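First to last, the sequence lines map onto chains X and F.
Heads up, the final residue of the first sequence is numbered 260 in our numbering, and it's a clean run with no missing numbers.
Heads up, the final residue of the second sequence is numbered 312 in our numbering, and it's a clean run with no missing numbers.
All residues carry an ideal CB built from backbone N, CA and C; glycine is no exception.
Predicted, not measured: the structure shown is a model, and the values here were computed from it.
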Amino acid sequence: MNDTHTMNMVFSIRGLQAGYGQKSVLHDVSIDIPPRSITAIIGPSGCGKSTFLRCLNRMNDLTPDFYVRGKVMHRDEDVYGQSVDVTHLRRRIGMVFQKPNPFPKSIFDNVAYGLRIHGMRDQKKITEKVHDSLVKAALWDEVKDHLAMPALRLSGGQQQRLCIARTIAVAPEVILFDEPCSALDPVSTRNIENLIVHLKKDYALIVVTHNLQQAHRIADYVGFFHMGRLVEFGAMKQVFEESTHQLTRDYVQGVFG
Amino acid sequence: MYWVRGFKIVFEKFMNDIYRHQNEPWWVRRASGIDQVVRYAGVLSILFGVVVLVVLFGQALIEGFPRLQLEFFTSFPSRIASQAGILSAWVGTIWVIVLCALMAVPLGVMTALYLEEYSSRHLLSRILEINIANLAGVPSIIYGLLGLGLFVRLLALGRSVLAGAGTLALLILPIVILATREALRAVPHSLREGSYALGASRWQTIWHQVLPAAFPSILTGIILAVSRAVGETAPLIMIGALTYIAFLPQSVRDPFTVLPIQVFNWVSRPQQAFTANAAAGVVVLLGITLTINAVAIWLRHRYQQKI
């Protein structure tokens, strides 16, 4: 791969190794994540796909005994570099979790929180941003009349869209999704999937999922992890239909899971 | 007799519960039998606590009720039982407790915050944790000795309000730390992650998410600790709190007495009349503790409704 190619990539990862204490989870993962597209990370349970995702915004820093080696470049910035401000990094690399985790505050304050902690004080601007984010997250019509309601009273699917809204509010370039639908019913899942597809015109999206149909429905690119190694990475069609790797073929055909 | 009828009802219910499963196989009978035993053991345990409390409080109330008049609260102690009051005692208690809370709460909460949120889990923090847990179990008289050495002698504060409050603050500090740590630990990790994922710093996450979520439990812990401090006698006697004070403390450097010491003093007098004073003092002391607890419950309830 030449340099201009790498420059255009949202993430360019070389020789990533990671683990917890004595237990190594990722072995020598190299991958380039293209902008304005959906990259699905698939693989059986325990293959390291969540750990991989959490390496990208340094969420693993919070885990005791975690270690990481190799290079993770976000644009032209070394994610694990000495001079990196982690809070600044995480603002630009948003994350949505498996279980919806809205803050125990009002709907409005959930979205406004990110803006406020990054120094926005102008109430009018905050209101405007909250509105825009909720519209983008396809939640505005459902909550516009009760923005002061506690967010925990929303349904699971609405909570997850609220979490997406609060992530969008701080204007990230990338959004990481860690199995965003695994705690949701089919209708909510479809809503979130539509939303993710809709968001790709503005953001690079990386979605960890154990739902192969979901990867098939929404992904542009697919990375298949197995036992902590990246077995294959390529366009969705190629991985799902024309894979040359026996392991990938077996997995996407449901031989093992 | 009401209690005979009450006992009959409970007994009939008990027999009914036993015979209900008599046609079931033995393992169902055994399981339901254990269920019944645990249930009644639980009811009896609760009853034991409630009965003891009611008897204690009732006896103190009956004995002390005649003394519970306005003059009792506005009079200084006296050699004449019927003229003696608890003015200096309850004012002293409030001085000491407020000062004690002002010292112990910020120190305790900050310590717990550091241990739980900032320090990495290495050997040192584990040693600290074990030691704090041990300190919470140290007899209070030892804190009295510590207070005597540290505040009264070394810092030359004398037998002052400040020395008393400091001693009690040391005493409840481990309790505050442990309760706060428990409360912080109970905050779901997903809440912290949600905040960090938006680019919040550690302190922003603590201040805006963790502390508000943990606040009701922290408050409960603080109240329990303060209630304990309200009733402490031994460490204050050890640092030389006076038992006879006919003036109110004007500053934190003044001598003082507190309610439990006053009660102790009256109980140890030979004259029968002072026993009534002691009982009335006990009622006031219990009243203060119950009020503090009630305020805590009210605050917690109000806070939880906001979420």
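I want to verify the contact list: residues of chain F whose CB lies under 9 Å from the CB of M62 (chain X), in sequence order.
Taking the first sequence and counting its residues from 1, one reaches residue 62 (chain X) at position 59. The contacting residues are E198, Y201, A202.
Which same chain residues end up closer than 7 Å to L176 (chain F) when comparing Cβ atoms and leaving out the 5 residues on each side of it in sequence?
Taking the first residue of the second sequence as position 1, residue 176 (chain F) is located at position 171. Excluding sequence neighbours, L176 (chain F) sits near S145, Y148, A234, E237, P240.
If we ignore side chains and look at the alpha-carbon of each, how far apart do K13 (chain F) and W271 (chain F) end up?
Within the second sequence, residue 13 (chain F) is the residue found at index 8, counting from 1. Within the second sequence, residue 271 (chain F) is the residue found at index 266, counting from 1. Cα-Cα distance, rounded: 43 Å.
Tell me the DSSP secondary structure of K102 (chain X) in three-state form.
The sequence position of residue 102 (chain X) within the first sequence is 99, counting from 1. If DSSP states are grouped into helix, strand and coil, K102 (chain X) belongs with coil.
Would you say F106 (chain X) faces chain F, with C-beta separation under 8 Å as the test?
By 1-based counting over the first sequence, the position of residue 106 (chain X) is 103. Closer than 8 Å to some Cβ of chain F, the Cβ of F106 (chain X) qualifies, so yes.
Expressed to the nearest angstrom, what Euclidean distance is found between the alpha-carbon atoms of A188 (chain F) and I227 (chain F)?
Counting from one through the second sequence, the residue named residue 188 (chain F) turns up at place 183. Counting from one through the second sequence, the residue named residue 227 (chain F) turns up at place 222. Cα to Cα, the separation comes out at about 11 Å.
For V42 (chain F), which residues of its own chain have a beta-carbon under 8 Å away from its beta-carbon, when the five flanking residues on both sides are left out?
Taking the first residue of the second sequence as position 1, residue 42 (chain F) is located at position 37. Take V42 (chain F), set aside five residues on each side of it, and no residue of its chain has a beta-carbon closer than 8 Å to its own.
Quick check: is the beta carbon of T170 (chain X) nearer than 8 Å to any beta carbon in chain F?
Walking along the first sequence from the start, residue 170 (chain X) turns up at place 167. For T170 (chain X), the answer is yes, since a Cβ of chain F falls inside 8 Å of its Cβ.
C-beta atoms of A140 (chain X) and I96 (chain X) nearer than 8 Å
Taking the first residue of the first sequence as position 1, residue 140 (chain X) is located at position 137. Taking the first residue of the first sequence as position 1, residue 96 (chain X) is located at position 93. Not a contact, by the Cβ cut-off of 8 Å.
Bridge partners of H313 (chain F), per DSSP?
With chain F represented from 6 up to 312, any question about residue 313 (chain F) goes unanswered, as that position is not in the structure.
Taking CB distances under 8 Å as the criterion, tell me whether V173 (chain X) reaches chain F.
Taking the first sequence and counting its residues from 1, the one referred to as residue 173 (chain X) is at position 170. For V173 (chain X), the closest Cβ of chain F is nearer than 8 Å.
Excluding the five sequence neighbours on either side, which residues of its own chain have a C-beta within less than 8 Å of the C-beta of D31 (chain X), listed in chain order?
In the first sequence, residue 31 (chain X) corresponds to position 28, counting from 1. So the qualifying residues of the chain are G18, L19, Q20, G73, R232.
DSSP state of G152 (chain X) mapped onto helix, strand, coil
On the first sequence, residue 152 (chain X) is found 149 positions in, with the first residue counted as 1. It should be noted that the sequence gives Met, not Gly, for residue 152 (chain X). Reduced to three states, the DSSP call for M152 (chain X) is coil.
Tell me whether T66 (chain X) is buried or exposed, calling it buried when 16 or more other Cβ atoms sit within 10 Å of its Cβ.
As a first step, residue 66 (chain X) must be located in the first sequence, where it is residue number 63. Result: exposed.
How would you write the range of the beta strand (DSSP E) that A21 (chain X) sits in, first residue to last?
Mapped onto the first sequence, residue 21 (chain X) falls at position 18. Its beta strand (DSSP E) spans residues 14-23.
According to DSSP, residues forming a beta bridge with M239 (chain X):
Mapped onto the first sequence, residue 239 (chain X) falls at position 236. In DSSP, M239 (chain X) forms no bridge with anything.
S125 (chain F) versus chain X: which residues are under 8 Å apart at the beta carbon?
Within the second sequence, residue 125 (chain F) is the residue found at index 120, counting from 1. P67, listed in chain order.
Grouping DSSP H, G and I as helix and E and B as strand, with all else coil, what is G245 (chain F)?
Start at 1 with the first residue of the second sequence, and residue 245 (chain F) comes out as number 240. Coil at G245 (chain F), not helix or strand.
According to DSSP, residues forming a beta bridge with E80 (chain X):
In the first sequence, residue 80 (chain X) corresponds to position 77, counting from 1. Residue pairing by DSSP places E80 (chain X) opposite X:H77 in a beta bridge.
Answer yes or no: do Q101 (chain X) and S185 (chain X) have a C-beta to C-beta separation smaller than 8 Å?
Along the first sequence, read from residue 1 onward, the residue named residue 101 (chain X) stands at position 98. Along the first sequence, read from residue 1 onward, the residue named residue 185 (chain X) stands at position 182. Yes.
Confirm, please, whether the CB-CB distance from G51 (chain X) to V28 (chain X) is below 8 Å.
If you number the first sequence from 1, residue 28 (chain X) lands on position 25. If you number the first sequence from 1, residue 51 (chain X) lands on position 48. Cβ atoms of V28 (chain X) and G51 (chain X): closer than 8 Å.
Where does H213 (chain X) fall in DSSP's three states?
For this step, residue 213 (chain X) is matched to residue 210 along the first sequence. Three-state result, H213 (chain X): coil.
Let me see if you follow: with CB-CB separation under 8 Å, is A36 (chain F) close to chain X or not?
As a first step, residue 36 (chain F) must be located in the second sequence, where it is residue number 31. Answer no: the Cβ-Cβ gap between A36 (chain F) and chain X never drops below 8 Å.
Taking only beta carbons into account, state which residues of the segment 79-91 of chain X come closer than 7 Å to chain F, listed in chain order.
For the segment 79-91 of chain X, which is checked against every Cβ of chain F, the residues closer than 7 Å are T90, H91.
F269 (chain F): first and last residue of the uninterrupted alpha helix (DSSP H) it sits in:
On the second sequence, residue 269 (chain F) is found 264 positions in, with the first residue counted as 1. Counting along the chain, the alpha helix (DSSP H) containing F269 (chain F) begins and ends at 264-272.
A4 (chain F) to V173 (chain X) span [Cα, whole Å]
A query on residue 4 (chain F) cannot be resolved here, the shown segment of chain F reaching from 6 to 312 and no further.
Please list, in chain order, the chain X residues whose beta carbon lies closer than 9 Å to that of A218 (chain F).
As a first step, residue 218 (chain F) is located in the second sequence; it is residue number 213 there, counting from the start. What A218 (chain F) touches in chain X: F106, P107.
Compare the C-beta of Q267 (chain F) against all C-beta atoms of chain B and say whether one is closer than 8 Å.
Here chain B cannot be found, since the structure's protein chains are X and F.
Whether A174 (chain F) touches M243 (chain F) by CB criterion (8 Å):
The sequence position of residue 174 (chain F) within the second sequence is 169, counting from 1. The sequence position of residue 243 (chain F) within the second sequence is 238, counting from 1. The answer is no: Cβ separation not under 8 Å.
Closer than 8 Å, Cβ to any Cβ of chain X: which residues of the segment 203-214 of chain F, in chain order?
L203, G204, A205, S206, Q209, H213, Q214: these are the residues of the segment 203-214 of chain F whose beta carbon lies less than 8 Å from some beta carbon of chain X, given in chain order.
Alpha carbon to alpha carbon, what distance is there between M20 (chain F) and G11 (chain F)?
The residue you call residue 11 (chain F) lines up with position 6 of the second sequence. The residue you call residue 20 (chain F) lines up with position 15 of the second sequence. Approximately 14 Å, taken between the alpha carbons.
If you measure from the CB of L142 (chain X), is any heavy atom of the ligand FMN nearer than 7 Å?
This structure lacks the ligand FMN, and indeed carries no ligand of any kind.
Would DSSP call S136 (chain X) helix, strand or coil?
For the purposes of this step, residue 136 (chain X) is taken as residue 133 along the first sequence, with counting starting at 1. In the three-state reduction of the DSSP assignment, S136 (chain X) falls in the helix class.
How would you list, in chain order, the residues of chain X whose beta-carbon sits under 8 Å from the beta-carbon of S195 (chain F)?
As a working mapping, residue 195 (chain F) is identified with position 190 in the second sequence. At a beta-carbon threshold of 8 Å, the residues of chain X lying near S195 (chain F) are F100, K102, N104, ordered along the chain.
For R252 (chain X), the three-state DSSP class (helix, strand or coil):
Here residue 252 (chain X) refers to the residue found at position 249 of the first sequence. Here DSSP, grouped into helix, strand and coil, assigns R252 (chain X) to helix.
Below 8 Å between beta carbons is the criterion; list the residues of the segment 110-131 of chain X that meet it against any residue of chain F, in chain order.
Answer in chain order: Y116, G117, I120, H121.
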